[in-house]
Structure formats: structure tokens, C-alpha cells
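Peer 1:
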Amino acid sequence: MQVIKYVFQPHGDARGQLVALEEFKDIPFHIKRVYYLYETAEGVVRGYHAHKTLQQILVCIHGSCKIMLDNGCEKKVVPLEKPYEGLYVPNAMWREMFDFSPDAVLLVLASELYDENDYIRDYNEFMEFVKCSGGNAIEDEQ
Ligand code: T46
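Each residue of the sequence shown is one higher than the last, beginning at 282 in this note's numbering.
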């Protein structure tokens with residue numbers, strides 16, 4: 282399984298860095314929601330679900346964490362530790378987030394508003410949903 286990781290353009294000068302993200306330019310979908318995770322307790326694993334339709338870009342804008350992606354056929358662990366890198370997580374992808382550094386802030390850009398009905402929280406249900414056809418595999422690395 283290959284992973285799509287976007288490398289955003291930092292606008293740096295003597296004052297520091299700035300990254301700007303625009304829908305359909307830097308982000309491949311309409312951004313309907315933004316949320317972020319911080320002060321994640323040591324040893325905690327979050328996620329344990331997939332989404333039926335939601336697409337997201339995950340950016341660890343401070344500190345570091347790891348994301349385990351599972352498309353039903355294959356699993357891959359992706360470290361996130363740079364504020365200018367965004368991990369694309371398509372629909373039908375099981376995710377677990379772990380190894381958060383104490384200072385980690387994980388920013389998420391989402392293609393849809395919050396909808397609990399879009400979540401698949403049962404792994405067997407997820408496997409039934411994807412049927413391991415390979416059709417939802419993550420594509421090219423960027
Ligand atoms: C995902 C990963 C990366 C809301 O009220 N609105 C929201 O937009 C979100 C995302 C969550 N919530 C509430 C629902 C729960 O009571 O916040 C609480 C924690 O959510 P959850 O347990 O789903 O958090 P994670 O870290 O397991 O998963 C979240 C997202 O839910 C999920 O879509 O892909 O981050």
C-alpha cells in the first residue's frame with residue numbers, strides 16, 4: 282500500500298514560517314470542517330474506526346505522532362512530524378493514531394461535517410464494507 286503525503290509550500294522569511302492551505306489547490310476536496318487534537322495522554326491510541334465517505338488530511342502541526350492506516354488488505358504506519366506535511370486519508374480506511382509526543386497538535390481538514398452515521402467503528406463491519414478488493418488502496422506517494 283502506498284501513501285499520499287502532501288508536502289505543503291512554507292512561506293518562510295526572517296520572521297518564521299507560514300503554511301497556507303486552500304481547497305482544491307493544496308487540499309483535494311472542499312474543506313467543510315477543521316478540528317484538532319492536543320494534550321493527548323501518554324500511551325493513548327485514538328481512532329479505531331473508518332469512514333464511509335469522509336476524506337481527510339492530517340497535519341501534525343506541532344510535535345509528532347504516528348498514524349496506522351489499514352485498507353482491509355494491508356496496513357501501513359505513517360509517522361507525522363513535520364508541520365508542512367499532510368497525510369491524505371480517504372474514505373474506507375481504518376485508522377489508529379498513536380505515539381503522540383506530549384506537545385503534539387494534530388490538525389485535521391475534513392471534507393464533510395461531523396456525522397456519526399458516517400463512522401464504521403466495528404472492525405468486522407469495516408472488513409465487510411471494503412471486502413479487500415484493493416479498490417480503496419492508497420495510491421501514489423507525492
Ligand atoms: C478521525 C480521527 C483522525 C465532534 O463533536 N465533532 C467532530 O467533528 C469530531 C471529530 C468529534 N466530535 C466529538 C465526538 C466524540 O464525542 O468529539 C469526541 C471525540 O471524537 P472521536 O472519539 O471520534 O475522536 P478520535 O480521535 O477517535 O477520531 C477523530 C475523528 O472523529 C475521526 O473522524 O478520523 O480523529
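Where is the CB? At the ideal position from N, CA and C, for every residue including glycine.
Buried or exposed: His-311, going by 16 or more other Cβ atoms within 10 Å of its Cβ?
Peer 2: Here residue 311 refers to the residue found at position 30 of the sequence shown. With fewer than 16 Cβ atoms within 10 Å of its Cβ, His-311 is classed as exposed.
Peer 1: If you drop the 5 nearest sequence neighbours on each side, which residues of the same chain put their C-beta closer than 6 Å to that of Pro-364?
Peer 2: By one-based count along the sequence shown, residue 364 stands at place 83. Same-chain partners within the cutoff: Ile-342.
Peer 1: Are the segment 329-344 and the segment 376-392 in contact at 8 Å, needing three or more beta carbon pairs?
Peer 2: Segments in contact, yes.
Peer 1: Measure the C-alpha to C-alpha separation of His-292 and Ala-301 and round it to an integer number of angstroms.
Peer 2: Taking the first residue of the sequence shown as position 1, residue 292 is located at position 11. Taking the first residue of the sequence shown as position 1, residue 301 is located at position 20. Taking C-alpha positions only, His-292 is separated from Ala-301 by approximately 8 Å.
Peer 1: Pop quiz: Val-284 and Lys-357 are said to be a contact at Cβ under 8 Å. What is the actual Cβ separation, rounded to whole angstroms?
Peer 2: Residue numbering aside, residue 284 sits at position 3 when the sequence shown is read from its first letter. Residue numbering aside, residue 357 sits at position 76 when the sequence shown is read from its first letter. 6 Å between Cβ atoms; contact.
Peer 1: Check for me: the beta strand (DSSP E) holding Phe-226 runs from which residue to which?
Peer 2: Here the chain comprises residues numbered 282 to 423, so residue 226 is not present and cannot be evaluated.
Peer 1: Any heavy atom of ligand 1 inside 7 Å of the beta-carbon of Arg-376?
Peer 2: Position 95 of the sequence shown holds residue 376. Checking every heavy atom of ligand 1 against the Cβ of Arg-376, one is found closer than 7 Å.
Peer 1: Short check: CB of Tyr-287 to CB of Val-386, under 8 Å?
Peer 2: Start at 1 with the first residue of the sequence shown, and residue 287 comes out as number 6. Start at 1 with the first residue of the sequence shown, and residue 386 comes out as number 105. Contact flag unset, no.
Peer 1: Considering only C-alpha positions, which residue in the set Phe-410, Glu-366 and Ile-308 is nearest to Gly-353?
Peer 2: Within the sequence shown, residue 353 is the residue found at index 72, counting from 1. It is Phe-410.
Peer 1: Along the chain, where does the alpha helix (DSSP H) containing Tyr-287 start, and where does it finish?
Peer 2: One-based indexing of the sequence shown puts residue 287 at position 6. Residue range 286-288 is occupied by the beta strand (DSSP E) that includes Tyr-287, with no alpha helix (DSSP H) assigned at that position.
Peer 1: With a CB to CB cut of under 6 Å and the five nearest residues on each side skipped, what residues in its chain are close to Phe-407?
Peer 2: Residue mapping note: residue 407 aligns to position 126 of the sequence shown, counting from 1. Cβ neighbours of Phe-407 beyond the five flanking positions: Ala-331, Trp-375 and Ile-401.
Peer 1: State the DSSP-derived secondary structure class of Glu-355, mapped to helix, strand or coil.
Peer 2: If you number the sequence shown from 1, residue 355 lands on position 74. Glu-355 falls in the coil class under three-state DSSP.
Peer 1: Could you name the residues of the same chain whose beta carbon sits closer than 6 Å to that of Leu-388, not counting the 5 residues immediately before and after it, in chain order?
Peer 2: Taking the sequence shown and counting its residues from 1, the one referred to as residue 388 is at position 107. Excluding positions up to five away in sequence, the list reads Tyr-317, Val-340 and Ile-342.
Peer 1: With DSSP collapsed to three states, give me the class of Met-408.
Peer 2: Working through the sequence shown from its first residue, we reach residue 408 at position 127. Helix, per DSSP.
Peer 1: Which of the three DSSP states, helix, strand or coil, is assigned to Asp-399?
Peer 2: As a first step, residue 399 must be located in the sequence shown, where it is residue number 118. If DSSP states are grouped into helix, strand and coil, Asp-399 belongs with the helices.
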